[in-house]
Amino acid sequence: MPSFDFHQYQRRLKTRLGHKDDWKLRVIFWGGALMVGLIISLFVFLAEEAAHYFDQIYHRVTWAPLILTPVMFVAITWLMRKTGPQASGSGIPQVIVALNSQHPALRDKLLAFPTGIVKMILTSLALLAGASVGREGPSVHIGAAMMYQIGKRAGAKFAYMRTAFIQAGGAAGVAAAFNAPLAGIVFAIEELAQAYEARTSGTLILAIIISGIVVVSIYGNYTYFGVTSETLHLVQDWPAVLVVALVGGAAGGLFSLLLQEGNRRVAPIVETMPYRWALLMGLLVAAIGVFSGGLTFGSGYEQASRYLAINAEEGSAAFPLLKFIATLLSYLSGIPGGIFSPSLSTGAGLGGWLAGFFTQAPVQALAILGMTAFLSGVVQRPITSFVIVMELTGEQSMLLPLMIAAVLSNGVSRVICQPPIYHGLAQNLLKKPENSEKAKTHDTTD
Numbered sequence: 001m002p003s004f005d006f007h008q009y010q011r012r013l014k015t016r017l018g019h020k021d022d023w024k025l026r027v028i029f030w031g032g033a034l035m036v037g038l039i040i041s042l043f044v045f046l047a048e049e050a051a052h053y054f055d056q057i058y059h060r061v062t063w064a065p066l067i068l069t070p071v072m073f074v075a076i077t078w079l080m081r082k083t084g085p086q087a088s089g090s091g092i093p094q095v096i097v098a099l100n101s102q103h104p105a106l107r108d109k110l111l112a113f114p115t116g117i118v119k120m121i122l123t124s125l126a127l128l129a130g131a132s133v134g135r136e137g138p139s140v141h142i143g144a145a146m147m148y149q150i151g152k153r154a155g156a157k158f159a160y161m162r163t164a165f166i167q168a169g170g171a172a173g174v175a176a177a178f179n180a181p182l183a184g185i186v187f188a189i190e191e192l193a194q195a196y197e198a199r200t201s202g203t204l205i206l207a208i209i210i211s212g213i214v215v216v217s218i219y220g221n222y223t224y225f226g227v228t229s230e231t232l233h234l235v236q237d238w239p240a241v242l243v244v245a246l247v248g249g250a251a252g253g254l255f256s257l258l259l260q261e262g263n264r265r266v267a268p269i270v271e272t273m274p275y276r277w278a279l280l281m282g283l284l285v286a287a288i289g290v291f292s293g294g295l296t297f298g299s300g301y302e303q304a305s306r307y308l309a310i311n312a313e314e315g316s317a318a319f320p321l322l323k324f325i326a327t328l329l330s331y332l333s334g335i336p337g338g339i340f341s342p343s344l345s346t347g348a349g350l351g352g353w354l355a356g357f358f359t360q361a362p363v364q365a366l367a368i369l370g371m372t373a374f375l376s377g378v379v380q381r382p383i384t385s386f387v388i389v390m391e392l393t394g395e396q397s398m399l400l401p402l403m404i405a406a407v408l409s410n411g412v413s414r415v416i417c418q419p420p421i422y423h424g425l426a427q428n429l430l431k432k433p434e435n436s437e438k439a440k441t442h443d444t445t446d
């Protein structure tokens with residue numbers, strides 16, 4: 001019988017457990033994920049309070065947004081230019097550029113810690129102004145910026161380490177914002193696939209778990225839109241699935257095309273006359289909101305929820321069309337804010353409108369289908385789209401129709417618009433004069 005070699009076992013155990021420096025980095029990583037959960041929880045609170053205060057103002061004085069919204073758009077633009085110019089827009093394009101950049105100076109600028117804080121505050125102010133924006137894209141930017149800076153200070157020198165910290169921060173951000181951990185994992189892999197490495201998957205999941213525990217501890221284990229119970233029968237309702245998928249994909253592709261082209265074309269205007277442009281966009285967003293009876297203001301959470309209610313009724317084409325335009329104008333203004341929630345709201349309205357043509361299918365089910373189709377058409381990430389909608393509604397019985405809608409709408413959207421929206425916006429970001437100049441210092445630790 002062979003003798004037990006204790007020293008050899010000890011050496012193997014040390015190899016498996018890793019060096020003490022590795023454990024130091026892990027502990028710092030866990031602490032960073034905890035901080036992301038806390039910051040995103042604070043962001044959720046600020047954003048919801050801001051939206052609530054705006055609703056109160058609007059319901060007291062319905063014409064108030066015609067003054068409040070454009071003035072606040074200008075104020076937000078001024079604050080952003082003074083405190084964090086890289087905080088504009090969704091934030092996901094900034095993360096994509098940082099992940100793929102070989103220039104430390106550009107990464108540091110896009111993922112500066114103050115930029116994340118500015119993003120959180122100004123996105124909340126955008127919701128206080130009634131802008132048609134969401135908090136999920138900014139949550140990705142905030143989480144990625146925090147984790148990147150923590151990793152940098154902890155000594156994460158190698159490229160795959162930086163990737164792990166940035167990617168985990170972004171995934172934890174979107175998972176915490178939606179309270180949807182699976183969506184966070186899929187988003188990181190599908191949207192940030194060019195920078196994905198299998199060896200970082202464990203750290204990615206762990207970051208989402210830690211930040212998710214923090215959010216659940218504060219807000220409880222809730223489902224974003226509540227749990228719905230309606231479903232579709234593919235044999236009977238396949239025409240409805242097909243139509244919603246095709247229309248949602250076409251509308252989402254058109255939105256993506258207009259946003260990318262608009263973002264590129266208005267860039268010189270935003271740079272040369274930012275305040276007048278913000279004033280004009282704010283006035284248009286306010287006018288649309290007042291005309292719609294307040295339906296297009298904010299993230300669209302309440303409007304989407306109405307289509308998912310038990311006694312939901314069919315809607316008109318007016319709401320999704322006006323929400324589409326309001327979201328487009330809000331983003332093109334240059335102020336911080338994401339497009340995830342407004343896209344879900346637009347998609348729910350689209351499905352609710354199309355339900356009028358398929359009276360045998362439940363309105364709630366077609367609204368959920370519309371959310372998936374439009375979101376997939378906008379971001380061209382089908383897996384992320386149906387997983388997010390499934391988690392946000394708790395509707396697992398519709399998994400197959402959601403998958404079909406996501407794949408079909410993605411295909412239609414790609415015919416209309418290339419590249420996918422966040423990568424197209426990332427390319428536009430790199431064309432800005434302050435970002436196009438290559439940094440003097442190159443990475444040497446890859």
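For the sequence shown, the positions run 1 to 446 when the UniProt record's numbering is used.
A virtual CB, placed ideally from N, CA and C, is assigned to each residue, including glycine.
No experiment lies behind these values; they were computed from the predicted model shown.
The C-beta distance from M72 to G411 rounds to 39 Å, too long to meet the 8 Å contact threshold. Note on the segment 138-197: there is no whole beta strand (DSSP E) run with a minimum of 3 residues.
Judged by DSSP in its simplified three-state form, G347 adopts helix. Collapsing the DSSP output to three states places G262 in a helix. According to the DSSP secondary-structure assignment, G249 is paired through a beta bridge with no residue. Here P336 carries a strand assignment [DSSP, helix/strand/coil]. Here V378 is not near I325, since their CB atoms are 8 Å or more apart. Around the CB of N311, fewer than 16 other CB atoms lie within 10 Å, so the residue is classed as exposed.
Here G116 carries a helix assignment [DSSP, helix/strand/coil].
Rounded to the nearest angstrom, the gap between the Cα atoms of G249 and R153 is 43 Å.
When DSSP states are grouped into helix, strand and coil, G377 belongs to the helix group. In this structure the segment 300-315 touches the segment 344-353; the number of beta carbon pairs closer than 8 Å is three or more.
One alpha carbon belongs to V140, the other to G173, and they sit about 5 Å apart. With respect to V44, R135 sits close: the two C-beta atoms are nearer than 8 Å. The beta carbon of V215 sits closer than 8 Å to the beta carbons of G37, I40, S41, V44, A176, N179 from its chain, once the five residues preceding and following it are set aside; these are given in chain order. Rounded to whole angstroms, L122 and V97 show a C-alpha spacing of 21 Å. For G84, the secondary structure class from DSSP, reduced to helix, strand or coil, is coil.
One alpha carbon belongs to Q396, the other to G220, and they sit about 21 Å apart.
In this structure, the beta-carbon distance from P65 to G289 falls below 8 Å.
Taken in chain order, the complete alpha helix (DSSP H) segments of 4 residues or longer contained in the segment 254-299 are 274-291.
Using a 10 angstroms sphere on the CB of Y275, the tally of other CB atoms stays under 16, which defines it as exposed.
By the Cβ neighbour-count rule, F291 is exposed, with fewer than 16 other Cβ atoms within 10 Å of its own.
Contact annotation, E391 with A183: C-beta distance approximately 5 Å; criterion of less than 8 Å satisfied.
Looking at the backbone, the Cα of A317 and that of T327 are separated by about 16 Å.
Annotation for T393: the continuous alpha helix (DSSP H) segment containing it runs 382-393.
From the listed residues S124, S256, P104, A188, the smallest Cα separation to S413 is found for S256.
Here the C-alpha atom of A278 lies approximately 7 Å from the C-alpha atom of G334. Sixteen is the threshold: since fewer than 16 other Cβ atoms of the shown chains lie within 10 Å of the Cβ of P114, the residue is exposed.
DSSP, read as helix, strand or coil, puts G130 in coil. In this structure, T203 places its C-beta atom within 8 Å of the C-beta atom of A168.
Under the 10 Å beta carbon count, L295 is surrounded by 16 or more other beta carbons and is classified as buried. By the 16-neighbour rule on beta-carbons within 10 angstroms, K323 is buried. Per DSSP, P419 lies in no alpha helix (DSSP H) segment and is marked neither H nor E. If you check the CB distance, P401 and L369 come in under 8 Å. Judged by DSSP secondary structure, N100 falls within the alpha helix (DSSP H) whose first and last residues are 92-100. Per DSSP, the continuous alpha helix (DSSP H) segment holding P104 begins and ends at 104-110.
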